[in-house]
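Here's the structure, in structure tokens; my notes come after.
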Amino acid sequence: MTAIDTHRSDAHKAIDAVWRIESARLIAGLARMVRDIGVAEELAHDALVAALEQWPESGVPRNPGAWLMTAAKHRAIDLLRRNKLVERKHGELGYQLEAEQMAAPDFTTSMDDTVSDDLLRLIFTACHPVLSAEARLALTLRLLGGLTTAEIARAFLVSESTIAQRIVRAKRALADAHVPFEVPRGPELAARLSSVLEVIYLIFNEGYSATAGEDWMRPALCEDALRLGRILAELAPSEPEVHGLVALMEIQASRSKARVGPKGQPILLLDQNRALWDQLLIHRGLAALERAGKLGETRGPYALQAAIAARHATALAADQTDWERIAGLYAELSQLAPSPIVELNRAVAIAMARGPAAGLELVDALTSEPALENYHLLPSVRGDFLFKLGRLAEARVEFQRAASLTRNSRERDLLLERARISE
Amino acid sequence: MTFMMLMIPKGYEKAAPGTIPDREAVANMMKYNESLQKAGILLSLNGLHPPSEGARISFSGGKPKVTDGPFVEAKEVIGGYWMLQVKSKEEAIEWASRCPAGEHETIEVRQLFELSEFPPDVQEAVTAQRSRAGQ
Chain Y
2 MTAIDTHRSD AHKAIDAVWR IESARLIAGL ARMVRDIGVA EELAHDALVA ALEQWPESGV
62 PRNPGAWLMT AAKHRAIDLL RRNKLVERKH GELGYQLEAE QMAAPDFTTS MDDTVSDDLL
122 RLIFTACHPV LSAEARLALT LRLLGGLTTA EIARAFLVSE STIAQRIVRA KRALADAHVP
182 FEVPRGPELA ARLSSVLEVI YLIFNEGYSA TAGEDWMRPA LCEDALRLGR ILAELAPSEP
242 EVHGLVALME IQASRSKARV GPKGQPILLL DQNRALWDQL LIHRGLAALE RAGKLGETRG
302 PYALQAAIAA RHATALAADQ TDWERIAGLY AELSQLAPSP IVELNRAVAI AMARGPAAGL
362 ELVDALTSEP ALENYHLLPS VRGDFLFKLG RLAEARVEFQ RAASLTRNSR ERDLLLERAR
422 ISE
Chain A
88 MTFMMLMIPK GYEKAAPGTI PDREAVANMM KYNESLQKAG ILLSLNGLHP PSEGARISFS
148 GGKPKVTDGP FVEAKEVIGG YWMLQVKSKE EAIEWASRCP AGEHETIEVR QLFELSEFPP
208 DVQEAVTAQR SRAGQ
């Protein structure tokens, strides 16, 4: 690489970094002005192109966010002028943009509150229920996470064109359904917030226990989800489940160094070297959990799951885990958000507290659950109980079944190994 | 990726015991720190008491030797730190550039080591995995 090439690529890396910091706010602010996420993103990207052309020469400006917003607004006005079929509405919009342009060229003079509101609007819109779960994930990672199409494609192990199409269709779906760019209010808020939290946690989980592919974990995705969660906690500080989710993610992330061996093999919770658990993240998780608790309402599902994670995090060694307490928390969770998976986890906790026979009794009741039919952890857990009860031949069958059901090759290896030693 | 931003205030090496940062500087920093918090990337931050209140332990000849501050030879000392979780060194640098630091202040950006950066045998030793067989 020549010196000029290196300089240019260094400049590009610096601009990428600015983009990561500024793009969500930029798109959010533009979306409020032009009332269309697709157009907002295009304008933002045009501003980025301008930055890529000019900043390598002129250097990154003092206030990159303001520069980008100004560039995007210029472009918006160009676009509106060139559009021969200007409706009256667009004409008004163009005037409004020009007025804003002249009145507030410096982005920082607009109040923090406006930026926060815009970001919240963007988050809720990207996670709108009119979109499929996949579409919400892709759109959120793109518009709020600032990930490129390529990065999102790699995260979900699909082609770039699949993600590109997913994003295009998502924007069209939002436009077609005339989804307003706003923060939901009143009774609608709870359900819509739930959808947002679900999207963020799905992103986290994809990074934490990759459902398919070679890697057990994709840490960058966990970091993306954590960042989004923390941002949301600042934007919506009075929502306990937001803090609950952040707490859960911080604590789970605290174990990431201990979960994967040097050959990429998964290491299960009870076998992990706890000295590798990141105490800073645990501290942050416990603080977030406390924040959730202080808001006074009964604990929601994320706060409960975080409380369970906190029990593990605060046990100095595996054999000091308070399993009865954890089983109780799963029971509480079961009341609130009943699911066979919660029951399965409760069975594991009961087994640890009272012995594998007690656990097996609960798990046997789950074997006919249609939701768990292809869930590899059911036979995996059942196999574990049978192994501990000395019923090795039955254990082997279960482990083999579990191995056949998982799409993650590292996990499959682990399960096949357990099958092999069950004799 | 995790980075530390180390604040190096010129003159802090000579600060008397009991020195605390001035009010205006603290107020400016608070806004900046809030912006880090709102960006979801701030893991931790803290200011450090001046070196005149601290101690240094050196190890020549294998024996620890304690020296109380201030440290005559020290030309640069750390006044405080931030820990950030960002995607690249460039992002850490961009954030550091936005700090309302004074004429006399320098911020050094340093990446934290990840376990995965060490060779496999070191990782193995550190992870100390127990096999589940026969448990």
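Protein chains in written order, with my numbering: chain Y, 2 to 424; chain A, 88 to 222.
No residue lacks a Cβ here, since even glycine has one placed at the ideal position from N, Cα and C.
Bear in mind that the values here come from a model prediction, so they are computed numbers and not experimental data.
Delimiting residues of the beta strand (DSSP E) encompassing residue i
i      : result
P96/A  : T89 to P96
I194/A : E192 to Q198
W78/A  : Residue 78/A is absent from the structure shown; chain A starts at 88 and stops at 222.
K258/Y : Segment S257 to R260 is the alpha helix (DSSP H) holding K258/Y; no beta strand (DSSP E) there.
A268/Y : The residue you asked about is not Ala; residue 268/Y is Ile in the sequence shown. Per DSSP, I268/Y belongs to no beta strand (DSSP E) and is neither H nor E.
S160/Y : That residue, S160/Y, is in no beta strand (DSSP E); it is neither H nor E in DSSP.
Whole-angstrom distance between residue j and residue i, CA atom to CA atom
i      : j      : result
T110/Y : Q124/A : In this prediction, T110/Y has a pLDDT of 41, which is less than 50 and means its spatial position is unreliable; nothing more can be read from the coordinates.
V382/Y : R312/Y : 21 Å
D320/Y : L269/Y : 14 Å
A105/Y : A48/Y  : Annotation note: pLDDT 49 at A105/Y (below 50); position unreliable, no value reported.
G186/Y : A188/A : The displayed chain sequence assigns Arg, not Gly, to residue 186/Y. Distance between the alpha carbons of R186/Y and A188/A is about 41 Å.
A32/Y  : T126/Y : 10 Å
Y202/Y : L138/Y : 10 Å
G30/Y  : I78/Y  : 15 Å
E181/A : L202/A : 26 Å
R219/A : A178/Y : Residue placement at R219/A is poorly supported in this model, since its pLDDT is 37, which falls under 50; the coordinates still yield a value, given next. Each residue's Cα considered, the two are about 53 Å apart.
D118/Y : L236/Y : 8 Å
M103/Y : E183/Y : Residue placement at M103/Y is poorly supported in this model, since its pLDDT is 46, which falls under 50; the coordinates are not used for a value here.
A25/Y  : A67/Y  : 13 Å
P241/Y : R292/Y : 7 Å
W278/Y : K258/Y : 7 Å
V61/Y  : A12/Y  : 9 Å
A289/Y : V247/Y : 7 Å
V213/A : A314/Y : 19 Å
M70/Y  : A304/Y : 38 Å
S59/Y  : R36/Y  : 32 Å
L93/A  : E100/A : 14 Å
K85/Y  : V40/Y  : Any reading at K85/Y must be qualified, since the residue scores a pLDDT of 45, below 50, and its modelled position is unreliable; no value is offered.
Amino acids of chain A, ordered along the chain, whose beta-carbon sits closer than 8 Å to that of residue i
i      : result
L425/Y : Residue 425/Y is absent from the model: chain Y starts at 2 and stops at 424.
L281/Y : L130, S131 and M170
Continuous alpha helix (DSSP H) stretch holding residue i: start and end
i      : result
A314/Y : P302 to A314
D109/A : Careful: D109/A lies outside any alpha helix (DSSP H) and carries neither H nor E.
T3/Y   : It is not in any alpha helix (DSSP H) - T3/Y carries neither H nor E in the DSSP assignment.
R82/Y  : P65 to R83
T154/A : Premise fails: T154/A lies in the beta strand (DSSP E), K152 to D155, not in any alpha helix (DSSP H).
R397/Y : L393 to L406
S210/Y : Run containing S210/Y: none; DSSP gives neither H nor E here.
G329/Y : W324 to L337
G134/A : G134/A -> not in any alpha helix (DSSP H); beta strand (DSSP E) instead, spanning L129 to G134.
Of the listed residues the options, nearest to residue i (C-alpha basis)
i      : options                           : result
C128/Y : R167/Y, I153/Y, A176/Y and R193/Y : R193/Y
E395/Y : T407/Y, G208/Y and A420/Y         : A420/Y
E412/Y : G286/Y, G265/Y and R355/Y         : G265/Y
L123/Y : S133/Y, V261/Y, R143/Y and E135/Y : R143/Y
E166/A : E192/A, C186/A and T154/A         : The question names Glu, but residue 166/A is Gly in the sequence shown. Nearest of E192/A, C186/A and T154/A to G166/A, Cα basis: E192/A.
H377/Y : R392/Y, A350/Y, A359/Y and D414/Y : D414/Y
G147/Y : A307/Y, A338/Y, W20/Y and P339/Y  : W20/Y
R63/Y  : M91/A, R185/A and Y119/A          : R185/A
N409/Y : E374/Y, S210/Y, D272/Y and I204/Y : S210/Y
R392/Y : S335/Y, G329/Y and I422/Y         : I422/Y
G208/Y : A338/Y, R260/Y and D365/Y         : R260/Y
Contact test: residue i Cβ vs the ligand MG heavy atom, cutoff 7 Å
i      : result
N206/Y : The ligand MG is absent from the structure shown, which contains no ligands of any kind.
Contact set between residue i and chain A, taken where Cβ atoms lie within less than 7 Å
i      : result
K14/Y  : S175 and E177
I28/Y  : In chain order: nothing, as chain A lies at least about 15 Å away.
E224/Y : Q172
Listed by chain order, chain Y residues near residue i by CB distance under 9 Å
i      : result
L135/A : The premise fails here: L135/A is roughly 17 Å from chain Y at the closest Cβ pair, so nothing lies under 9 Å.
A126/A : I22, R228, R231, I232 and E235
Closer than 8 Å at the beta carbon, the chain Y residues around residue i
i      : result
L171/A : By Cβ distance, chain Y contributes nothing, its closest Cβ being about 11 Å from L171/A, past 8 Å.
Q229/A : Residue 229/A lies beyond the stretch modelled for chain A, which goes from 88 to 222, so this question has no answer here.
P207/A : P263 and K264
8 Å Cβ cutoff, residue i in contact with chain C
i      : result
K258/Y : No chain C appears in the structure shown, which is made up of the protein chains Y and A.
Beta-carbon neighbours of residue i, restricted to chain A and to distances below 9 Å
i     : result
A18/Y : V173, K174, S175, K176, E177, E178, A179, I180, E181 and W182
- Okay, do the segment 67 to 75 of chain Y and the segment 36 to 52 of chain Y touch, 3+ Cβ pairs below 8 Å being the bar? yes
- Item | Segment contact, 8 Å Cβ cut-off, at least three pairs: the segment 10 to 26 of chain Y with the segment 152 to 165 of chain Y | no
- Message: Three or more C-beta pairs under 8 Å: does that hold for the segment 128 to 137 of chain A against the segment 162 to 178 of chain A?
- Response: yes
- Message: I want to know whether the segment 220 to 233 of chain Y touches the segment 247 to 258 of chain Y - three or more CB-CB distances under 8 Å.
- Response: yes
- Okay, do the segment 338 to 350 of chain Y and the segment 279 to 295 of chain Y touch, 3+ Cβ pairs below 8 Å being the bar? no
- Query: Would you say the segment 207 to 214 of chain A touches the segment 137 to 157 of chain A, given that touching needs at least three Cβ pairs under 8 Å?
  - Reply: no
- Query: Can you find at least 3 beta carbon pairs, one from the segment 353 to 364 of chain Y and one from the segment 379 to 393 of chain Y, that sit closer than 8 Å?
  - Reply: yes
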